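Residues 1 to 187 in the working numbering are what the sequence shown lists, from first letter to last. Heads up: the structure comes next, in structure tokens.
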Amino acid sequence: TLALLSIWPNLPMGVLDGKSPRQAVADPQGQIRVQAIILQMDLTEPVENPDYNKLRRSLGLPTLEAIDPTGVRVESLSPARQTRLDTAKLTDEQLVAVYRRAVVTAAARLLRGISLEILSRPSLDTHKELDKGEVYDILSRMALDAEEALGYLVKAQELAKAKGRSPARYLMAELPYRLQRGEEQES
Numbered sequence: 001t002l003a004l005l006s007i008w009p010n011l012p013m014g015v016l017d018g019k020s021p022r023q024a025v026a027d028p029q030g031q032i033r034v035q036a037i038i039l040q041m042d043l044t045e046p047v048e049n050p051d052y053n054k055l056r057r058s059l060g061l062p063t064l065e066a067i068d069p070t071g072v073r074v075e076s077l078s079p080a081r082q083t084r085l086d087t088a089k090l091t092d093e094q095l096v097a098v099y100r101r102a103v104v105t106a107a108a109r110l111l112r113g114i115s116l117e118i119l120s121r122p123s124l125d126t127h128k129e130l131d132k133g134e135v136y137d138i139l140s141r142m143a144l145d146a147e148e149a150l151g152y153l154v155k156a157q158e159l160a161k162a163k164g165r166s167p168a169r170y171l172m173a174e175l176p177y178r179l180q181r182g183e184e185q186e187s
């Protein structure tokens with residue numbers, strides 16, 4: 001946080017023609033470049049980091065806020081903008097459409113946020129085009145640590161069993177985590 005907010009803005013960068021971000025925002029072209037750099041850094045984070053809006057404010061740039069999907073054609077938004085959607089306000093169909101696009105584009109942060117919203121909705125438990133077990137599986141692959149990954153895989157297994165399906169693929173996905181953690185018995 002300290003480095004991002006106090007050191008980074010003052011570092012000269014080749015992409016900014018040798019200027020620091022703080023110097024570059026003095027002209028409109030520099031503002032666009034700095035906004036693009038910050039957006040790229042922001043979108044590489046697995047979850048939203050409010051420090052990037054603090055950084056934008058400190059440089060006099062507009063912040064990125066949540067997008068209310070009401071009256072918006074969400075499918076026409078770029079994955080970067082879809083990341084900012086207020087997912088709780090999306091309809092089930094909008095949520096599924098954004099999820100499918102996030103899977104195809106491998107937009108990890110978008111996929112994580114959309115997946116968590118899907119899992120929170122009982123109305124999607126029986127959706128004909130969506131398998132929550134797969135959603136848990138995808139979340140396990142994007143997990144921030146082994147504990148989180150295992151939690152998602154266990155939920156996927158439970159869901160498969162409850163639907164009368166084999167949990168084998170989720171058990172196989174669990175195996176490397178268990179072995180890595182030295183959990184031979186669980187393996």
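Glycine is no exception: its CB is placed at the ideal position from the N, C-alpha and C atoms. Nothing here was measured: the structure is a model prediction, and the numbers come from that model.
Distance between beta carbons of Ala80 and Leu43, contact taken as under 8 Å | About 6 Å; that satisfies the 8 Å criterion.
Assigned secondary structure, Leu110 (DSSP; H/G/I helix, E/B strand, else coil) | In the three-state scheme derived from DSSP, where H, G and I count as helix and E and B as strand, Leu110 is classed as helix.
Mind the definition here: the region 46 to 59 touches the region 67 to 76 only if three or more C-beta pairs lie below 8 Å; say whether that holds.
-> No, the region 46 to 59 does not touch the region 67 to 76.
CA nearest to the CA of Ala149, picked from Met13, Ala106, Ala168 and Arg178 = Comparing alpha carbon positions, the residue from Met13, Ala106, Ala168 and Arg178 closest to Ala149 is Arg178.
Taking Cβ to Cβ, would you say Leu110 is nearer than 8 Å to Gln82?
-> Yes; because the gap between Cβ atoms is below 8 Å, this pair is in contact.
Taking Ala107 as the reference, which of Val47, Trp8 and Ile32 has the closest Cα?
-> Among Val47, Trp8 and Ile32, the Cα nearest to that of Ala107 belongs to Val47.
Kindly indicate which residue of Val15, Lys163, Glu65 and Val104 has the alpha-carbon position closest to the one of Asp131.
-> The shortest CA-to-CA distance from Asp131 to any of Val15, Lys163, Glu65 and Val104 is the one to Lys163.
Whole-angstrom distance between Ala36 and Arg22, CA atom to CA atom = Distance between the alpha carbons of Arg22 and Ala36 is about 14 Å.
Return the Cβ separation of Asp137 and Ala168 in integer angstroms, given the expectation that the two are a contact with Cβ distance under 8 Å.
-> So it is not a contact: roughly 12 Å between Cβ atoms.
With DSSP as the reference, please indicate the residues paired to Leu85 in a beta bridge.
-> BP columns for Leu85 point to Ile67.
What do you reckon, are the CB atoms on Glu117 and Thr87 nearer than 8 Å?
-> Against a cut-off of 8 Å, the Cβ pair of Thr87 and Glu117 comes out as a contact.
Please look up how many angstroms separate the CB atoms of Ile38 and Arg57, rounded, as I've assumed it's under 8 Å.
-> Contact flag wrong, Cβ pair sits at about 11 Å.
Are Asp92 and Arg121 close, meaning C-beta to C-beta below 8 Å?
-> Yes.
Please confirm whether Leu175 and Ser166 have their CB atoms less than 8 Å apart.
-> No, Cβ-Cβ distance for Leu175 and Ser166 is not below 8 Å.
Distance, Cα to Cα, Ser123 vs Tyr99?
-> In a straight line, the C-alpha of Ser123 is about 15 Å away from that of Tyr99.
Please confirm whether Ala26 and Val34 have their CB atoms less than 8 Å apart.
-> Their beta carbons are not under 8 Å apart, which means Ala26 does not touch Val34 by this criterion.
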